[in-house]
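Trainee:
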Amino acid sequence: MIDTSILTPYAPLPSTDPVLIFRKVSIAFDGPPVLEDITFSVGPHETRIVLGPAGVGKSVLLKLANGLHCPDSGSILLFGDDIVRTRESKMFALRKRTGMVFQEGALFDSLTVRDNVAYQLIQELVPDDEIDLRVHEALRFVGLEETFGFYPGSLSGGMRRRVAIARALIRHPELVLYDSPTGGLDPVTSTTIIELIMKQRDVYTTPSLLVTHRLQDAFTMCTHRFDTETNGMVRLPKGETDPNTTFLMLNEGRLIFDGSLHDLVHSKDPFVREFLD
Amino acid sequence: MAIAQIDRTAKHIVLTVQDYSRFAYRAVLNLFSRPIYWVDFLLQAEIIGVGSAAIVLLAGFFTGAVLAVQSAATLAQFGATAVTGRFVSMTMIRELGPVLTGIMVSGRNASSMASELGSMVVTEQIDAMRALGVDPVRKLVTPRLVATVTMLFFLTIISDAFGILGGAGVTIFMNGQNGTQYFSEAYQYLHYPDILQGLVKPLFSGFIIASIGCFYGLRTTGGTQGVGRSTIQAVVSSSVLIIVVDLLLSQIMVATFNR
Numbered sequence: 003m004i005d006t007s008i009l010t011p012y013a014p015l016p017s018t019d020p021v022l023i024f025r026k027v028s029i030a031f032d033g034p035p036v037l038e039d040i041t042f043s044v045g046p047h048e049t050r051i052v053l054g055p056a057g058v059g060k061s062v063l064l065k066l067a068n069g070l071h072c073p074d075s076g077s078i079l080l081f082g083d084d085i086v087r088t089r090e091s092k093m094f095a096l097r098k099r100t101g102m103v104f105q106e107g108a109l110f111d112s113l114t115v116r117d118n119v120a121y122q123l124i125q126e127l128v129p130d131d132e133i134d135l136r137v138h139e140a141l142r143f144v145g146l147e148e149t150f151g152f153y154p155g156s157l158s159g160g161m162r163r164r165v166a167i168a169r170a171l172i173r174h175p176e177l178v179l180y181d182s183p184t185g186g187l188d189p190v191t192s193t194t195i196i197e198l199i200m201k202q203r204d205v206y207t208t209p210s211l212l213v214t215h216r217l218q219d220a221f222t223m224c225t226h227r228f229d230t231e232t233n234g235m236v237r238l239p240k241g242e243t244d245p246n247t248t249f250l251m252l253n254e255g256r257l258i259f260d261g262s263l264h265d266l267v268h269s270k271d272p273f274v275r276e277f278l279d
Numbered sequence: 106m107a108i109a110q111i112d113r114t115a116k117h118i119v120l121t122v123q124d125y126s127r128f129a130y131r132a133v134l135n136l137f138s139r140p141i142y143w144v145d146f147l148l149q150a151e152i153i154g155v156g157s158a159a160i161v162l163l164a165g166f167f168t169g170a171v172l173a174v175q176s177a178a179t180l181a182q183f184g185a186t187a188v189t190g191r192f193v194s195m196t197m198i199r200e201l202g203p204v205l206t207g208i209m210v211s212g213r214n215a216s217s218m219a220s221e222l223g224s225m226v227v228t229e230q231i232d233a234m235r236a237l238g239v240d241p242v243r244k245l246v247t248p249r250l251v252a253t254v255t256m257l258f259f260l261t262i263i264s265d266a267f268g269i270l271g272g273a274g275v276t277i278f279m280n281g282q283n284g285t286q287y288f289s290e291a292y293q294y295l296h297y298p299d300i301l302q303g304l305v306k307p308l309f310s311g312f313i314i315a316s317i318g319c320f321y322g323l324r325t326t327g328g329t330q331g332v333g334r335s336t337i338q339a340v341v342s343s344s345v346l347i348i349v350v351d352l353l354l355s356q357i358m359v360a361t362f363n364r
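Chains as they are written, first to last, in the working numbering: chain A, 3 to 279; chain B, 106 to 364.
1. Please state the DSSP three-state secondary structure of L9/A.
2. Let's test the definition: count the other Cβ atoms within 10 Å of the Cβ of M200/A and tell me whether it reaches 16, buried, or not, exposed.
3. Determine, for E151/B, whether the minimum Cβ-Cβ distance to residues of chain A falls below 7 Å.
4. Which value, in whole angstroms, describes the spacing of the CA atoms of M161/A and E106/A?
5. Quick one: Cα of R224/B to Cα of S194/B, how far?
6. Can you tell me whether N135/B is helix, strand or coil according to DSSP?
7. Please look up how many angstroms separate the CB atoms of Q302/B and M358/B, rounded, as I've assumed it's under 8 Å.
8. Buried or exposed, going by whether 16 or more other CB atoms sit within 10 Å of the CB of I348/B?
9. Can you tell me where the beta strand (DSSP E) with T247/A in it begins and where it stops?
10. In whole angstroms, what separates the C-alpha of G255/A from that of V58/A?
11. Just to check my reading of the structure: V242/B and A132/B have Cβ atoms closer than 8 Å, yes? What is that Cβ distance to the nearest angstrom?
12. In this structure, does DSSP put F278/B in helix, strand or coil?
13. Starting from Y180/A, follow the beta strand (DSSP E) in both directions and report where the run begins and ends.
14. Count the C-beta pairs between the stretch 190 to 198 of chain A and the stretch 17 to 28 of chain A that are closer than 8 Å, then say yes if the count reaches three, no if not.
15. Name the residue from F273/A, F31/A, V236/A and G45/A whose alpha carbon lies nearest to the alpha carbon of T18/A.
16. Which of the residues in the stretch 210 to 239 of chain B, read from start to end, lie with their CB under 7 Å from any CB of chain A?
17. Could you say which of F249/A, L80/A, V115/A and N253/A lies nearest to T222/A if we only look at CA atoms?
18. Should E197/A be labelled buried (16 or more other beta-carbon atoms within 10 Å of its own) or exposed?
19. Where does T10/A land, buried or exposed, given buried means 16+ other C-beta within 10 angstroms?
20. Is the beta carbon of P46/A within less than 6 Å of some heavy atom of the ligand MG?
21. Can you list the alpha helix (DSSP H) stretches of 4 or more residues lying completely in the stretch 156 to 232 of chain B, in chain order?
22. Could you tell me which chain B residues have their CB closer than 8 Å to the CB of R97/A, listed as they occur along the chain?
23. Can the beta-carbon of G271/B be found closer than 7 Å to that of F167/B?
24. Would you mind giving the Cβ-Cβ distance between I195/A and T208/A, rounded to the nearest angstrom? I have them listed as a contact below 8 Å.
25. Find out if the Cβ-Cβ distance for the pair M251/A, G76/A is shorter than 7 Å.
26. Rounded to the nearest angstrom, what separates D84/A and D240/B at their Cα positions?
27. Just verifying my parser: in three-state terms, what is the DSSP assignment at R256/A?
28. Using beta carbons (cut-off 7 Å, strictly below), is P248/B in contact with chain A?
29. Can you give the Cα-Cα distance for A120/A and L245/B, rounded to whole angstroms?
30. Is V86/A helix, strand or coil when you go by DSSP?
31. What is the residue span of the beta strand (DSSP E) that K26/A lies within?
32. Give the residues from the stretch 105 to 119 of chain A that approach chain B closer than 8 Å (Cβ to any Cβ), ordered along the chain.
33. Since G151/A and G186/A are thought to touch, with beta carbons under 8 Å apart, how far apart are those beta carbons, to the nearest angstrom?
34. Check whether the Cβ atoms of A173/B and T276/B lie closer than 7 Å to each other.
35. Give the DSSP-derived three-state secondary structure of M3/A in the structure shown.
36. With a threshold of 16 other CB atoms inside 10 Å of the CB of G311/B, please say whether the residue is buried or exposed.
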């Protein structure tokens, strides 16, 4: 099971302003728009789950949020800064405040797990002793301390994803972006990863944007909470859902739903109904 | 229809040149601000310099040897085999050393840079690097650029030296000529403008190899097939550009020094 006792909880942003705002954002790549007129925000303690079929632009949306893509129109405010008008050289400092977990982990295959997780710390010339301490701490958080000296090639898909989570969380980010963290994994590993995301949400109250096309993961995030005493997730009482976990749904490049789990399951939108069914 | 195609191609070429210029400018500009990744520079210098030494040395040696064989055969018709040393050293130092070394290193390193960075692009490692707040151009391109320019300079000197030795081997052991005469000819007629010409060219070639290799690598799209495409484009473009720039530099140098 995962150890929760070690990570120092970070101080959440004192502001109540959204950490991320999308305003009428559109983007296209040599063809029809991938995303069109997308408007939503992520509050300071909010977890927003982005649902939608494969190829609808969910990953693009996440990359836009971190300034990895530049939209054709609209504005994106990350921690209050309009990243559409921010130069790439200035973006690096802003991105250090976010953590991002890529679809396949995107670990650097020529580096060990230690160097992957500590990548940012190494660039910042943090002393080796402190790096080792913090990497052990982060790996313990994801239950993979024994992989410290391994190379990513010798890890399973689920382990790679967990190392990627450790890498994203090591600097206690103010916003975490998860790109299909459970995609292609078996149910047990998926549950472990969802539990980690839930722990980050409930113990450290880090706002996040979670992209997934797996409804069961999305619903689990809403109907469970992380219990620090049992060190695992527990179901919320019947009828209760996590108030800070809400949904966005994309279809054909447009945002067709923005609301709570209750609103989602009672939506009359034919696509939402079809997706849920 | 044909005009539309020409229009598209022309725009594509202009845009590629524009992107390349901006990319190369950024890579060079990174040298004047922190952080500079010196450890990466040393690693790349080892990969590019030490790793390419063997092929450069062999290519240089045998090119010099072939030059001696061919030139001796031609010079014999005029009874001038004594100047083989001069011919070999001049040709190696001014032309063949820099160009051949550039092309050999381009085949080995432009391809490796394009495929390595291309693989990082398709596996989202470049995006991950950016997401972690690290500039991929500063971290990956600038050290490769500096390392290639620096190491190609020294590799060219090695190639020149072994080329002259190769020529000496043929002249002395196969053509039965006097070694002292060969080296004396090779040295006496060599002037500073010749050496300068030979040592300026690898600086340009090194820049071309690293910038083109990294440029195509970072522009990779289309999965593993795209990596292969980028690698081919990098090797072809850098090799052709090395020869074109060599011609331009030769023209400028010959006109400047009148040699």
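Ideal Cβ positions, reconstructed from N, Cα and C, are used throughout, including at glycine.
A quick note: this is a predicted structure, and the numbers were derived from the prediction, not measured.
Mentor: In short, the structure shows the following:
1. Along the first sequence, read from residue 1 onward, the residue named residue 9/A stands at position 7. Caution applies to L9/A, whose pLDDT of 40 falls short of 50 and renders its modelled position unreliable; the value that the coordinates give is listed next. Note: L9/A maps to coil in three-state DSSP.
2. Translated into positions along the first sequence, residue 200/A becomes position 198. Classification for M200/A: buried.
3. Residue mapping note: residue 151/B aligns to position 46 of the second sequence, counting from 1. Cβ-Cβ to chain A under 7 Å: no for E151/B.
4. Locating residue 161/A in the first sequence gives position 159, counting from the first residue. Locating residue 106/A in the first sequence gives position 104, counting from the first residue. Those two C-alpha atoms are separated by around 11 Å.
5. Position 119 of the second sequence, counting from 1, holds the residue named residue 224/B. Position 89 of the second sequence, counting from 1, holds the residue named residue 194/B. Position check: residue 224/B holds Ser in this sequence, whereas Arg was assumed. C-alpha separation (whole angstroms): 41 Å.
6. Locating residue 135/B in the second sequence gives position 30, where the first residue counts as 1. The answer is helix: DSSP assigns N135/B an H, G or I state.
7. Residue numbering aside, residue 302/B sits at position 197 when the second sequence is read from its first letter. Residue numbering aside, residue 358/B sits at position 253 when the second sequence is read from its first letter. Yes, they are in contact, since the Cβ atoms of Q302/B and M358/B sit about 4 Å apart, within 8 Å.
8. Here residue 348/B is taken as the residue at index 243 of the second sequence, counted from 1. Around the C-beta of I348/B, fewer than 16 other C-beta atoms lie within 10 Å, and the residue is accordingly described as exposed.
9. Taking the first sequence and counting its residues from 1, one reaches residue 247/A at position 245. Note, T247/A: beta strand (DSSP E), T247 to N253.
10. Walking along the first sequence from the start, residue 255/A turns up at place 253. Walking along the first sequence from the start, residue 58/A turns up at place 56. Distance between the alpha carbons of G255/A and V58/A is about 6 Å.
11. Here the question's residue 242/B lines up with position 137 in the second sequence. Here the question's residue 132/B lines up with position 27 in the second sequence. Confirmed, about 6 Å.
12. Numbered from its first residue, the second sequence carries residue 278/B at position 173. If DSSP states are grouped into helix, strand and coil, F278/B belongs with the helices.
13. Within the first sequence, numbered from 1, the residue matching residue 180/A stands at position 178. Where Y180/A is concerned, the enclosing beta strand (DSSP E) starts and stops at L177 to D181.
14. no
15. Working through the first sequence from its first residue, we reach residue 18/A at position 16. When each option's Cα is compared against that of T18/A, the closest is G45/A.
16. Only those residues of the stretch 210 to 239 of chain B whose C-beta falls short of 7 Å from the nearest C-beta of chain A are listed: T228, E229, Q230, D232, A233, R235, A236, L237, G238 and V239.
17. What you label residue 222/A is simply residue 220 of the first sequence in a count that begins at 1. The shortest C-alpha separation from T222/A is found at F249/A.
18. Indexing the first sequence from 1 puts residue 197/A at position 195. When all chains shown are included, E197/A counts as buried.
19. Along the first sequence, read from residue 1 onward, the residue named residue 10/A stands at position 8. Because T10/A sits at a pLDDT of 40, beneath the cut-off of 50, its placement in the model cannot be relied upon, and the following sentence gives the value as read from the coordinates. Exposed, because fewer than 16 other Cβ atoms sit within 10 Å of the Cβ of T10/A.
20. Ligands displayed in this structure: none; no statement on the ligand MG is therefore possible.
21. 156 to 181, 189 to 196, 202 to 210 and 216 to 227
22. If you number the first sequence from 1, residue 97/A lands on position 95. The answer, in chain order, is R235, A236, L237 and G238.
23. Translated into the one-based positions of the second sequence, residue 271/B becomes position 166. Translated into the one-based positions of the second sequence, residue 167/B becomes position 62. Yes, Cβ-Cβ distance for G271/B and F167/B is below 7 Å.
24. In the first sequence, the residue the question calls residue 195/A occupies position 193. In the first sequence, the residue the question calls residue 208/A occupies position 206. Actually they are not in contact, since the Cβ atoms of I195/A and T208/A sit about 15 Å apart, beyond 8 Å.
25. Translated into the one-based positions of the first sequence, residue 251/A becomes position 249. Translated into the one-based positions of the first sequence, residue 76/A becomes position 74. Not a contact, by the Cβ cut-off of 7 Å.
26. Sequence index remark: in the first sequence, residue 84/A carries index 82 (1-based). Sequence index remark: in the second sequence, residue 240/B carries index 135 (1-based). Looking at the two C-alpha atoms, the distance is approximately 20 Å.
27. Locating residue 256/A in the first sequence gives position 254, counting from the first residue. Here R256/A sits in strand by DSSP.
28. For the purposes of this step, residue 248/B is taken as the residue at position 143 of the second sequence. Answer no: the Cβ-Cβ gap between P248/B and chain A never drops below 7 Å.
29. Counted from its first residue, the first sequence places residue 120/A at position 118. Counted from its first residue, the second sequence places residue 245/B at position 140. Taking the straight line from one Cα to the other gives about 18 Å.
30. For the purposes of this step, residue 86/A is taken as residue 84 along the first sequence, with counting starting at 1. Looking at V86/A - three-state DSSP - the assignment turns out to be coil, as it is neither helix nor strand.
31. If you number the first sequence from 1, residue 26/A lands on position 24. Note, K26/A: beta strand (DSSP E), L22 to A30.
32. Q105, E106, A108, L109, F110 and D111
33. Against the first sequence, residue 151/A aligns to sequence position 149. Against the first sequence, residue 186/A aligns to sequence position 184. About 26 Å separates the Cβ atoms of G151/A and G186/A, ruling out a contact at the 8 Å cut-off.
34. For the purposes of this step, residue 173/B is identified with residue 68 of the second sequence, where counting begins at 1. For the purposes of this step, residue 276/B is identified with residue 171 of the second sequence, where counting begins at 1. Taking 7 Å as the Cβ cut-off, A173/B and T276/B qualify as a contacting pair.
35. Here residue 3/A refers to the residue found at position 1 when the first sequence is read from its first residue. In this predicted model, M3/A has a pLDDT of only 41, less than 50, meaning its place in the structure is not dependable enough to derive any value.
36. Translated into the one-based positions of the second sequence, residue 311/B becomes position 206. Flag for G311/B reads buried.
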